[in-house]
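Structure first, commentary second.
There are 2 protein chains.
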Amino acid sequence: MKAWVLNQAGGPDNFELQDIAKPKAELGEALVQVKAIGINRHDVMSRNGLKADATTEERVIGIEIAGEVVDINPEDHESSHVAIGDHVAGIITHGAYAEYARLPLSRAMVFPKDTPFTTAAAIPEAFMTAYQTIYWIGDLQEGERILVHAAGSGVGTAAIQLANHLSKAEIFATAGRQDKLDLAQKLGAQTTINYKAENFADVISEATDKKGVDVILDFIGASYAAKNLSTIGVDGRWVLIGVLGGTEVSDFDMGQLLFKRVKLQGTLLSNRADDYKASLVADVNRDVVPLIADGTIHPVIDSVINFDHLPEAHRYMEANKNLGKIIVSLEE
Amino acid sequence: MKAWVLNQAGGPDNFELQDIAKPKAELGEALVQVKAIGINRHDVMSRNGLKADATTEERVIGIEIAGEVVDINPEDHESSHVAIGDHVAGIITHGAYAEYARLPLSRAMVFPKDTPFTTAAAIPEAFMTAYQTIYWIGDLQEGERILVHAAGSGVGTAAIQLANHLSKAEIFATAGRQDKLDLAQKLGAQTTINYKAENFADVISEATDKKGVDVILDFIGASYAAKNLSTIGVDGRWVLIGVLGGTEVSDFDMGQLLFKRVKLQGTLLSNRADDYKASLVADVNRDVVPLIADGTIHPVIDSVINFDHLPEAHRYMEANKNLGKIIVSLEE
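As given, the protein sequences belong to chains A and B, one line each in that order.
Take the first sequence: its position 73, counting from 1, is numbered 73 in UniProt numbering, and each next residue is one higher.
Take the second sequence: its position 244, counting from 1, is numbered 244 in UniProt numbering, and each next residue is one higher.
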């Protein structure tokens with residue numbers, strides 16, 4: 001099969017399209033004919049961090065695929081929710097940048113056959129992260145208020161749609177560009193705030209009669225910490241999933257954290273245990289996939305690049321201009 | 001009945017022993033003949049913060065009582081777990097410094113008749129707070145590691161005993177006096193650390209092979225924040241219940257919070273809703289009261305002062321010399 005193999009750590013020029021052995025489904029896995037690949041920031045880190053002694057298998061990076069199941073190797077001959085011929089998407093450890101990839105059955109989301117593979121490939125990482133942070137950690141309740149930073153990001157746009165359709169939440173969204181704010185509003189945010197022009201803490205304080213928000217989805221960290229703390233309400237849940245704004249806070253007020261009974265929790269998805277991810281996939285299959293299948297919610301896709309030009313997808317992501325997901329397609 | 005009535009906000013000299021009307025049990029309450037009173041820091045704040053327009057009822061402060069039930073006014077004629085003649089203890093809104101007090105039935109802990117009232121009066125605040133923070137928020141699991149700061153305090157000594165007897169936890173305890181550390185060890189702490197002589201973060205890092213602790217019970221806040229963050233392990237729960245060491249942190253590292261997936265939660269018990277407190281009392285009745293009744297665990301009592309000398313209890317608490325609870329007794 002054809003696969004993009006990394007010769008060594010470094011820039012996108014180190015990718016080489018090679019013919020390598022097709023993988024086999026191991027116990028508890030499906031073999032998927034890959035039709036579309038989601039490109040993630042994680043992939044750029046994998047590329048730059050490739051170890052010199054990596055195997056050929058490990059030199060095929062990428063973690064997010066959609067495609068058609070061509071083989072299944074179920075554990076203990078138990079039935080699975082996945083069958084040969086199904087259209088699936090999911091997160092894998094590595095090996096996405098190829099014509100075939102192995103997908104653990106517990107990670108498989110099954111989509112109707114009329115859902116485009118380019119849509120399905122844009123779902124797993126963004127919607128699993130958004131679901132985990134909003135519901136498992138943020139415990140967002142019907143009609144509560146949520147503040148979503150980085151509203152134009154993959155997770156941000158997923159979070160706004162979930163909070164809107166699953167929880168009828170009142171949504172505040174911040175971004176630094178008007179097209180991102182317009183998109184956030186279209187997806188369900190009632191109040192959008194350009195952080196370059198306005199102080200989000202002041203805007204939210206006034207809009208909520210000083211009550212603040214119940215949940216904050218925070219990709220930023222240090223540079224927003226003081227404002228987030230003043231913006232969060234009593235019994236609020238502040239979910240930290242990124243530190244784009246740095247890590248060192250020089251004015252962190254634990255008094256507010258105590259008296260407002262705030263929960264501040266850091267979380268990442270990629271380094272979680274397998275059973276954690278399997279439970280999360282099960283919840284997303286139940287609550288989110290049907291809404292994607294019927295078109296109620298949808299991933300935001302910036303561009304689709306052909307598999308033959310995959311290294312271009314990395315150059316484009318590093319230029320930081322995309323609004324929504326970059327997808328690589330293997331279909332004609 | 002006799003009651004200590006506060007003439008005005010200020011020092012302990014403002015208490016005056018008066019004869020006032022005996023209260024009546026309102027719907028959902030028991031009337032308790034008070035036999036012992038737990039003195040709390042909260043009482044000192046109430047005394048200093050008394051409003052000029054406070055009613056006579058509000059001028060009788062104090063929140064923690066033990067005594068005998070002399071009347072019951074159950075809601076909707078439903079049966080209650082409390083009967084006339086029962087020995088009970090619990091937290092009330094105010095009115096503890098008197099011969100009779102009203103206690104909501106949902107707040108009542110029922111003790112065997114051979115448990116001294118002075119013991120029962122030392123239970124509610126310390127053990128409810130310890131239980132709430134360790135289990136409801138800290139989610140301590142069997143055999144995990146917990147760090148308890150202020151190990152000589154009422155909540156600290158309760159927490160060490162609960163973590164030991166309910167969870168077989170590995171317990172680290174800090175304090176600044178040898179008698180407090182000796183007590184912590186006697187109550188079940190395996191490792192005691194004098195924070196004046198040693199860096200607790202270094203001691204724990206070495207003792208745990210750099211894995212750190214699963215739960216931190218933090219009364220201190222700012223001055224320990226950086227050390228707590230380096231001491232807590234992956235998926236750790238850091239429960240903030242006091243800011244004795246200040247509120248402003250100048251070097252808070254959100255990167256560690258993110259990558260270790262730490263939950264930092266502030267909490268207080270006194271300002272929680274009634275149903276929260278009722279659920280907590282139910283859990284403490286089920287899990288803790290039997291262990292106190294059979295002598296497995298016990299509150300730490302520093303001294304018992306006669307009701308006639310109640311203002312002395314306030315002077316003693318403000319001198320900050322007590323190791324364990326100060327109890328006021330109405331028995332001969």
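Glycine is no exception: its CB is placed at the ideal position from the N, C-alpha and C atoms.
Note that the structure is a prediction, hence the values are computed from the model and not measured.
Counting only beta-carbon separations shorter than 8 angstroms, does residue i have a partner in chain E?
i	result
B/G236	Within the model displayed, chain E is absent; protein chains A and B are what it includes.
In the DSSP assignment, what are the bridge partners of residue i?
i	result
B/H87	B/E68 and B/F111
A/Q33	A/E68 and A/Y100
B/W238	B/I216 and B/L264
residue 334 of chain A	Past the edges of chain A, shown from 1 to 332, lies residue 334 of chain A, and the structure says nothing about it.
A/V249	B/F252
B/F172	B/L147 and B/T191
B/N73	B/E29
B/G38	B/E64 and B/I327
residue 338 of chain A	For chain A, the structure presents residues 1 to 332; residue 338 of chain A sits outside this window and is missing.
A/V289	According to DSSP, which records beta bridges pairwise, A/V289 is partnered with nothing at all.
B/N306	B/S329
B/I301	B/K325
A/I232	A/V213
Does residue i pass the burial test, meaning 16 or more other C-beta atoms within 10 Å, or should it be called exposed?
i	result
B/A66	buried
A/R315	exposed
A/L103	buried
A/N320	exposed
B/L140	buried
B/P311	buried
A/N199	exposed
A/M254	buried
B/N306	exposed
A/G38	buried
residue 387 of chain B	Since the first residue of chain B shown is 1 and the last is 332, residue 387 of chain B is not available in this structure.
A/M317	buried
A/D179	exposed
A/A21	exposed
A/P112	exposed
A/E125	buried
A/G10	exposed
A/D218	buried
B/T55	exposed
A/R177	exposed
Less than 8 angstroms between the C-beta atoms of residue i and residue j, yes or no?
i	j	result
B/E248	B/A226	no
B/T157	B/L183	yes
B/I171	B/A197	no
A/G138	A/K168	no
B/I84	B/I63	no
B/K277	B/P299	no
A/T174	A/H149	yes
A/D287	A/L166	yes
B/I61	B/Y97	yes
A/G28	A/E57	no
B/V262	B/G295	no
A/V213	A/G242	no
B/T328	B/M109	The residue asked about is misnamed: residue 328 of chain B is Val in this sequence, not Thr. Cβ atoms of B/V328 and B/M109: not closer than 8 angstroms.
B/G152	B/L323	yes
B/E16	B/V5	yes
A/F259	B/F252	no
A/Q185	A/L229	no
A/D71	A/A30	yes
A/K2	A/D13	no
A/I297	A/Q132	no
B/R107	B/V289	no
residue 334 of chain A	A/A201	In the structure as shown, chain A starts at 1 and stops at 332, and residue 334 of chain A therefore has no counterpart that could be examined.
Assuming residue i contacts residue j (C-beta within less than 8 angstroms), just tell me the rounded distance between them.
i	j	result
A/F117	A/K35	4 angstroms
A/L244	A/Q265	At roughly 18 angstroms, the Cβ-Cβ gap does not stay under 8 angstroms, so A/L244 and A/Q265 are not in contact.
B/L147	B/I216	5 angstroms
A/L181	A/N194	6 angstroms
A/I123	A/I292	6 angstroms
residue 385 of chain B	B/H42	No information on residue 385 of chain B is available, as it lies outside the stretch 1 to 332 that chain B covers here.
Practice prompt. Spell out a yes or no on whether the segment 81-91 of chain A and the segment 46-55 of chain A are touching, meaning 3 or more CB-CB pairs, one atom from each, closer than 8 angstroms.
Written response: They do not touch, by the three-pair rule.
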